[in-house]
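Mapping of the sequence shown onto UniProt numbering: position 31 corresponds to residue 31, and the numbering continues sequentially without gaps.
Here a beta-carbon is modelled for each residue, glycine too, at the ideal position from N, C-alpha and C.
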Amino acid sequence: MLLAAIFQDSCGSKENASGSNHPQEPSKPYPYYSEDIVFTNSKTGNLLAGTLTVPGKAGVYPATVLITGSGPQNRDEEVSGGHKPFLVLADHLTKQGIAVLRFDDRGVGKSTGDFAKASSMDFADDVESAVEYLKTRKEIDITKIGLIGHSEGGTIASMVAARSKDVDFITLLAAPGIRGDSIILIQIGLIAKALGLSQAEISRAKAISREAYHIVQNSVNDKERNAKLSTLAENAFQDYPKKLMPANITKEQFVSQQVAAVTTPWWIFFLKYDPVSSLAKVTCPVLALNGNKDVQVTPKENLTAIAGALKNVNNLVITKELPGLNHFFQECKECTPQEYAKLKQTFSPAALDEISTWILKTTR
Numbered sequence: 001m002l003l004a005a006i007f008q009d010s011c012g013s014k015e016n017a018s019g020s021n022h023p024q025e026p027s028k029p030y031p032y033y034s035e036d037i038v039f040t041n042s043k044t045g046n047l048l049a050g051t052l053t054v055p056g057k058a059g060v061y062p063a064t065v066l067i068t069g070s071g072p073q074n075r076d077e078e079v080s081g082g083h084k085p086f087l088v089l090a091d092h093l094t095k096q097g098i099a100v101l102r103f104d105d106r107g108v109g110k111s112t113g114d115f116a117k118a119s120s121m122d123f124a125d126d127v128e129s130a131v132e133y134l135k136t137r138k139e140i141d142i143t144k145i146g147l148i149g150h151s152e153g154g155t156i157a158s159m160v161a162a163r164s165k166d167v168d169f170i171t172l173l174a175a176p177g178i179r180g181d182s183i184i185l186i187q188i189g190l191i192a193k194a195l196g197l198s199q200a201e202i203s204r205a206k207a208i209s210r211e212a213y214h215i216v217q218n219s220v221n222d223k224e225r226n227a228k229l230s231t232l233a234e235n236a237f238q239d240y241p242k243k244l245m246p247a248n249i250t251k252e253q254f255v256s257q258q259v260a261a262v263t264t265p266w267w268i269f270f271l272k273y274d275p276v277s278s279l280a281k282v283t284c285p286v287l288a289l290n291g292n293k294d295v296q297v298t299p300k301e302n303l304t305a306i307a308g309a310l311k312n313v314n315n316l317v318i319t320k321e322l323p324g325l326n327h328f329f330q331e332c333k334e335c336t337p338q339e340y341a342k343l344k345q346t347f348s349p350a351a352l353d354e355i356s357t358w359i360l361k362t363t364r
């Protein structure tokens, strides 16, 4: 059950950089136009603050919106160790002739709104508002606006593309193709194995998590759900694998943390939602990439599901595994979430080239 937080924490948690060197991060002055902007989600009224980068002030350019992964994220998708993958990605794309809009999640940075009460459906509304904003800019070719979503952002990209005629292409980076509960159970096995747990310990951890997800998905009301989750956590505390628990945590803390972890609006939606329901309605060109060392959104299961969902409605689809890359498209050795912050590389140049080359070919 503790492993319920792996997907969100690893994809979305932010730690301050501690003197680490990130050589791919661009330095000002940039060789392109950069503007801090604000746009409004007309459904909720919350303001979303971001940065628009455009290859030049003269001309009209294809554009893309960057959509962050899970957890509260700023416009750079700043993650463990201070890496800023969206800053690096935006810099690369803009230098290649593609305008990029990236923005702080609602309730994060300079954006207003309540992140804790939002689900992926709410974030999809924010992204649709970003597309509407791009349509107002004279520098943007409104027939060539796309989305790039990382991890959960890929799910959101497919939601928006399925319902909006204004989205002309989407790029899915380590995006889920299967339901959230299935993703987490696979994740638990891979990460626990990397931490040296025995097969018996892994099976125990997965069984507890599976039962927790069943409770969340099938309880009649919140009171029943929370009571059952509390009982499950109390019973699990003694024999739950200690390597998967914070040091010196008390039973009361453990129970409280586990119930809270899987009962937010985001988690409830994530556990139940099947991305196939949106993917099967996407008719614009799709590029889906995964690092073949990704232990958070595994390429075999997820790319296969994405391709299967699209095959009957869309023949403009490319799915591809990139060798030696982790969930954040870094060249890795251990390839565990714990290694992300240790790596100097923020984003594989090969992955960056795959993305920009495909977008330019698709929009030419």
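*Residue span of the alpha helix (DSSP H) that contains residue 163, given as start and end*: Start and end: 152-163.
_Touch test, the region 275-290 against the region 151-163, Cβ-Cβ under 8 Å, three pairs minimum_ = Result yes; three or more Cβ-Cβ pairs closer than 8 Å.
*In whole angstroms, what separates the C-alpha of residue 27 from that of residue 213?*
Residue 27 and residue 213 have their C-alpha atoms spaced approximately 45 Å apart.
*Are three or more beta carbon pairs between the region 115-131 and the region 75-92 nearer than 8 Å?*
Taking a contact to require three or more Cβ pairs closer than 8 Å, the region 115-131 and the region 75-92 do not qualify as touching.
*asked:* Using a 10 Å radius around the Cβ and a threshold of 16 neighbouring Cβ atoms, would you call residue 118 buried or exposed?
replied: Its Cβ being crowded by 16 or more others within 10 Å, residue 118 is buried.
*Report yes if the C-beta distance between residue 135 and residue 168 is below 9 Å; otherwise report no.*
No, the Cβ-Cβ distance between residue 135 and residue 168 is not below 9 Å.
*Comparing alpha-carbon positions, which option in 356, 115, 342 lies nearest residue 287?*
Looking only at 356, 115, 342, the smallest Cα-Cα distance to residue 287 is reached by 356.
*Assess, as a yes-or-no matter, whether the region 175-191 is touched by the region 285-301 under the definition of 3 or more beta carbon pairs within less than 8 Å.*
By the criterion of at least three beta-carbon pairs nearer than 8 Å, the region 285-301 is in contact with the region 175-191.
*asked:* Just to confirm the assignment, what range does the alpha helix (DSSP H) spanning residue 357 have?
replied: Per DSSP, residue 357 is one residue of the alpha helix (DSSP H) stretching across 349-363.
_Whole-Å CB distance - residue 237 paired with residue 251, under 8 Å assumed_ = Going by Cβ atoms, the distance from residue 237 to residue 251 rounds to 5 Å, so yes, they are a contact pair.
*Among 245, 43, 233, which residue has its Cα nearest to the Cα of residue 197?*
By alpha-carbon distance to residue 197, the top candidate from 245, 43, 233 is 245.
*Which ranges would you report for the alpha helix (DSSP H) in the region 108-195 if only whole runs of at least 4 residues count?*
Runs of the alpha helix (DSSP H) inside the region 108-195: 120-134, 152-163, 180-194.
*What's the C-alpha gap between residue 263 and residue 310?*
Between the C-alpha atoms of residue 263 and residue 310 there is a straight-line separation of about 31 Å.
*Does the distance from the CB of residue 322 to the CB of residue 285 come in under 9 Å?*
By the CB criterion at 9 Å, residue 322 and residue 285 fall outside the cutoff.
*Do residue 176 and residue 146 have their C-beta atoms within less than 9 Å of each other?*
No, these two residues do not count as a Cβ contact at 9 Å.
_By the three-class DSSP mapping on this structure, what secondary structure does residue 82 have?_
Helix.
*Report back the beta-carbon spacing between residue 50 and residue 103 to the nearest angstrom; my notes put them in contact at under 8 Å.*
Right, their Cβ atoms sit about 3 Å apart.
_For residue 260 and residue 183, I'd like the C-alpha separation in whole angstroms._
Each residue's alpha carbon lies about 19 Å from the other.
*Quick one: residues in its chain with C-beta nearer than 8 Å to the C-beta of residue 282, no 5 flanking neighbours on either side, listed in chain order?*
Same-chain partners within the cutoff: 158, 161, 162, 170, 310, 313, 314.
*Buried or exposed: where does residue 348 fall if 16 or more other Cβ atoms within 10 Å of its Cβ makes it buried?*
Under this definition residue 348 is a buried residue.
*With 16 as the cutoff for other CB atoms within 10 Å, does residue 111 come out buried or exposed?*
Counting C-beta atoms within 10 angstroms of its own C-beta, residue 111 has 16 or more neighbours from the protein chains shown and is therefore classed as buried.
*Any idea what DSSP makes of residue 337, helix, strand or coil?*
Three-state result, residue 337: helix.
_Rounding to the nearest angstrom, what Cα-Cα distance links residue 75 and residue 36 in this structure?_
Taking the straight line joining both Cα atoms gives about 11 Å.
*Spatial distance of residue 65 from residue 235 (CA atoms)*: Between the alpha carbons of residue 65 and residue 235 lies a gap of roughly 45 Å.
*Sort 363, 324, 178, 210 by Cα distance to residue 274 and report the nearest one.*
It is 178.
_Own chain, CB closer than 8 Å to residue 217, minus 5 neighbours either side, in chain order_ = Within the same chain, 181, 271, 272 come within 8 Å of residue 217 by CB-CB distance, once the 5 residues on both sides are set aside.
*Anticipated Cβ contact below 8 Å, residue 33 with residue 54, distance rounded*: Going by Cβ atoms, the distance from residue 33 to residue 54 rounds to 5 Å, so yes, they are a contact pair.
*Cα-Cα separation between residue 139 and residue 132, rounded to whole angstroms*: Distance from the CA atom of residue 139 to the CA atom of residue 132, rounded to whole angstroms, is 14 Å.
*Straight-line CA distance for residue 47 to residue 195?*
One C-alpha to the other measures close to 42 Å.
*Within this structure, are the beta carbons of residue 150 and residue 77 separated by less than 9 Å?*
Taking 9 Å as the cut-off, the beta carbon of residue 150 is found closer than this to the beta carbon of residue 77.
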